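A short worksheet on the structure shown next.
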Amino acid sequence: DSGVTQTPKHLITATGQRVTLRCSPRSGDLSVYWYQQSLDQGLQFLIQYYNGEERAKGNILERFSAQQFPDLHSELNLSSLELGDSALYFCASSLSHRTDTQYFGPGTRLTVL
Amino acid sequence: QKEVEQDPGPLSVPEGAIVSLNCTYSNSAFQYFMWYRQYSRKGPELLMYTYSSGNKEDGRFTAQVDKSSKYISLFIRDSQPSDSATYLCAMSEQAGNNRKLIWGLGTSLAVNP
Numbered sequence: 115d116s117g118v119t120q121t122p123k124h125l126i127t128a129t130g131q132r133v134t135l136r137c138s139p140r141s142g143d144l145s146v147y148w149y150q151q152s153l154d155q156g157l158q159f160l161i162q163y164y165n166g167e168e169r170a171k172g173n174i175l176e177r178f179s180a181q182q183f184p185d186l187h188s189e190l191n192l193s194s195l196e197l198g199d200s201a202l203y204f205c206a207s208s209l210s211h212r213t214d215t216q217y218f219g220p221g222t223r224l225t226v227l
Numbered sequence: 024q025k026e027v028e029q030d031p032g033p034l035s036v037p038e039g040a041i042v043s044l045n046c047t048y049s050n051s052a053f054q055y056f057m058w059y060r061q062y063s064r065k066g067p068e069l070l071m072y073t074y075s076s077g078n079k080e081d082g083r084f085t086a087q088v089d090k091s092s093k094y095i096s097l098f099i100r101d102s103q104p105s106d107s108a109t110y111l112c113a114m115s116e117q118a119g120n121n122r123k124l125i126w127g128l129g130t131s132l133a134v135n136p
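Chains as they are written, first to last, in the numbering used here: chain L, 115 to 227; chain U, 24 to 136.
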């Protein structure tokens, strides 16, 4: 168990809808990262927050947004969902903004029908 | 061309075999190299972490970095069925607040009893 928690485990929704994925980092970790994993694209970095502030952006679509709250938990909001958004979404955390040692949560499996 | 290339496999070996997993990369600025293991339906977990060139050993696992060839390897000795997983390489450049990991697609390994 990495100490990173993610909810929900599974999410099934329809195209055009909006969902929120939640992540709680390991105790003491200040950085949170969001990733999308699909079979053909592999693990794609979406966005990183450090102590409440956005630190780095990857291949995050404009329909997606995230935030990190004062208690350090983070939420990833996905809107106007498309079939192609179906994937595993992972959250990871690390102690600082150094990105080389990250601890991953169990993931949220999103299915868009 | 992707920054990090990794043969997706699948790789199937008998129990007890020596396994060699590899990644090549194009960015000579990469300094930090990691191997993650991901079991089916789980988040990736950090297996090995190396800085710059050289070897690092941890039990049955050895990570090797050859920066001159832009090539990294993970060797697994006396492979066990419990090693069956997807192995992802990841790497990052040196320092900087917006440093982020670049990931390989992962190699699927099956160790057969």
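The beta carbon of each residue, even a glycine, is placed where N, CA and C say it ideally should be.
Keep in mind it's a predicted model, so treat the numbers as computed, not measured.
- If you ignore the 5 residues before and after S49 of chain U, its C-beta comes within less than 7 angstroms of the C-beta of Q24, E26 and K93, all in its own chain and listed in chain order.
- Scanning its chain for C-beta atoms nearer than 8 angstroms, with the 5 sequence neighbours on each side dropped, one finds around L34 of chain U the residues V42, L44, T130, S131, L132 and A133, in chain order.
- Residue pairing of V146 of chain L in beta bridges, as defined by DSSP: L:Y163 and L:S207.
- If you look at A113 of chain U, you'll find it in the beta strand (DSSP E) that goes A108 to E116.
- Judged by beta-carbon spacing, Y55 of chain U lies beyond the 8 angstroms limit of L70 of chain U, meaning their Cβ atoms are not closer than that value.
- The C-beta distance from G117 of chain L to Y203 of chain L rounds to 18 angstroms, too long to fall under 8 angstroms, and the pair is not in contact.
- By the rule that beta-carbons nearer than 8 angstroms mark a contact, F159 of chain L touches chain U.
- Think of a sphere of 7 angstroms around the beta carbon of W126 of chain U: the chain L residues whose beta carbon falls inside it are G156 and L157, in chain order.
- Contact between Q61 of chain U and C112 of chain U is absent: CB atoms are separated by about 12 angstroms, not below the 8 angstroms threshold.
- Rounded to the nearest whole angstrom, the CA to CA distance from Q87 of chain U to E116 of chain U is 17 angstroms.
- Spatial neighbours of F53 of chain U in its own chain (CB-CB distance under 7 angstroms, excluding positions within 5 residues in sequence) are listed in chain order as M114, S115 and E116.
- Within the stretch 187–206 of chain L, the residues whose Cβ lies closer than 7 angstroms to any Cβ of chain U are, in chain order, F204.
- Its chain contains Q150, Q151, S152 and L224 as the residues whose beta carbon lies nearer than 7 angstroms to that of A201 of chain L, once the 5 sequence neighbours on both sides are disregarded; these appear in chain order.
- Inclusion of D185 of chain L and L192 of chain L in the CB contact set at 8 angstroms is not warranted, their separation being larger than that value.
- K123 of chain U reaches chain L at F159, Q162, A170, G172 and T213, counting residues in chain order whose Cβ is nearer than 7 angstroms.
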